[in-house]
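Heads up, the sequence shown is in numbering that gives the first Met the number 0, so the first residue is 0 and it goes up one at a time. Glycine is no exception: its CB is placed at the ideal position from the N, C-alpha and C atoms.
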Amino acid sequence: MGQPPVILHCNVSDERNRLFVPEYFRREIFNTLYSLSQPRVRASQKLVAERYVCPSMRQDVTLWTRSCLKCQRAKVFRNTRSKVGNFIPASSPFEHMHIDIVGPLPPSEGFRYRLTCVDRYSKWKEAFPLVEMSPETVAELSILDGSPERHRIAPYHPGANGQVERFHRQLKAAITAVPKNFINGNARWTIVLPTILLGFRAA
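In structure tokens:
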């Protein structure tokens with residue numbers, strides 16, 4: 000007796016006549032096509048879809064492409080992981096200050112900027128209205144008797160100055176929540192600032 004005839008099912012809805020692939024052949028076909036050049040997800044989906052048809056083909060190809068160990072090991076990462084540095088805690092008040100400038104803000108009594116400070120040791124908070132944002136203006140402020148011992152900044156990494164960034168959000172929320180009729184129908188932020196700072200320090 001001869002072998003029974005093999006029945007092939009094809010999708011003939013277009014000119015490509017794509018072959019329907021049974022489940023137990025799908026991974027083998029993918030591996031054969033994928034091994035040619037290890038294309039990415041979309042290219043792999045297109046490569047298989049041009050020749051074959053099967054249910055959940057896109058999901059399967061996506062999973063198999065992303066789980067290729069050779070591709071993961073050969074992938075070039077853009078960012079390098081730096082070692083965790085030594086975290087030296089502050090030992091006295093005003094030894095390490097978190098300082099930042101916010102603005103431009105809505106004009107209030109001629110001020111459009113605000114210098115915010117948080118002492119890393121005691122968590123003491125300060126905020127000073129500024130007319131302009133310049134080194135000379137900041138240097139003229141009598142914030143401390145002397146200068147902090149640390150003079151470092153991470154301008155492109157706000158997370159490194161996290162304490163004062165969080166203070167920004169808290170201060171903005173508190174000023175926004177002040178009723179508009181708080182002071183003669185105009186809640187100017189320079190007028191309500193001392194009261195808000197008192198609330199933060201007493202909390």
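My parser needs the alpha helix (DSSP H) runs of 4 or more residues fully inside the region 70–140; what are they?
Under the rule that a run must span 4 or more residues, the alpha helix (DSSP H) segments found entirely inside the region 70–140 read 134–138.
Looking only at its chain, what residues have a beta carbon closer than 8 Å to the beta carbon of serine 91, apart from the 5 residues adjacent to it on each side?
The residues are Tyr120.
Three-way DSSP call (helix, strand, coil) for asparagine 10 in this model
Correct three-state label for asparagine 10: strand.
Quick one: what's got a C-beta closer than 7 Å to arginine 17's C-beta in the same chain, skipping five residues either side?
Around arginine 17: Cys9, Asn10, Arg50, Tyr51, Val52.
With a threshold of 7 Å on Cβ separation, who are the neighbours of leucine 32 within its own chain once the five nearest residues in sequence on each side are excluded?
The residues are Leu46, Val47.
Bridge partners of phenylalanine 19, per DSSP?
DSSP lists Val52 as partners of phenylalanine 19.
Buried or exposed for arginine 25, please, with buried defined as at least 16 other CB atoms from any protein chain shown within 10 angstroms of its CB.
The residue in question, arginine 25, is buried, as its Cβ has 16 or more Cβ neighbours within 10 Å.
Considering only residues of the same chain and omitting the five flanking positions on each side of isoleucine 100, which have a CB-CB separation below 8 Å?
For isoleucine 100, where only same-chain residues beyond five positions count, the Cβ hits under 8 Å are Tyr112, Arg113, Leu114, Thr115, Leu129, Met132, Val137.
Looking only at its chain, what residues have a beta carbon closer than 8 Å to the beta carbon of serine 107, apart from the 5 residues adjacent to it on each side?
The answer, listed in chain order, is Pro128, Arg187, Trp188, Thr189, Ile190.
CA-CA distance, lysine 124 and lysine 82?
Answer to the nearest angstrom: the Cα atoms are 31 Å apart.
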